[in-house]
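In the numbering used here, the protein residues as written are 7 to 76. Comments concern the structure below.
Next up, the structure:
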């Protein structure tokens with residue numbers, strides 16, 4: 007007679023803390039990229055933005071897409 011035993015192990019506390027730290031670091035990096043991108047876009051003149059096909063009304067959405075994707 008054959009049988010199988012499957013043992014599921016939950017992540018240890020250390021593994022969960024490391025995953026939390028990594029997630030937090032990734033979120034911080036994305037937020038920093040968003041802020042830097044938005045600052046750079048806001049520093050452009052209206053003419054420069056128009057040359058790039060952008061307007062001030064959509065700078066936040068452009069920066070958000072650059073940092074977080076669609």
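Where is the CB? At the ideal position from N, CA and C, for every residue including glycine.
Is it the case that the Cβ atoms of residue i and residue j are separated by a distance below 7 Å?
| i | j | result |
| --- | --- | --- |
| residue 43 | residue 69 | yes |
Taking residue i as the reference, give the member of the options with the closest Cα.
| i | options | result |
| --- | --- | --- |
| residue 40 | 71, 29, 8 | 71 |
| residue 73 | 34, 14, 11 | 34 |
| residue 67 | 23, 11, 45, 51 | 45 |
How would you write the range of the alpha helix (DSSP H) that residue i sits in, first residue to last?
| i | result |
| --- | --- |
| residue 40 | 19-49 |
| residue 68 | 65-74 |
| residue 56 | 52-57 |
Are there 16 or more other CB atoms within 10 angstroms of the CB of residue i, so buried, or fewer, so exposed?
| i | result |
| --- | --- |
| residue 47 | buried |
Please report the straight-line C-alpha distance between residue i and residue j, rounded to a whole angstrom.
| i | j | result |
| --- | --- | --- |
| residue 61 | residue 13 | 57 Å |
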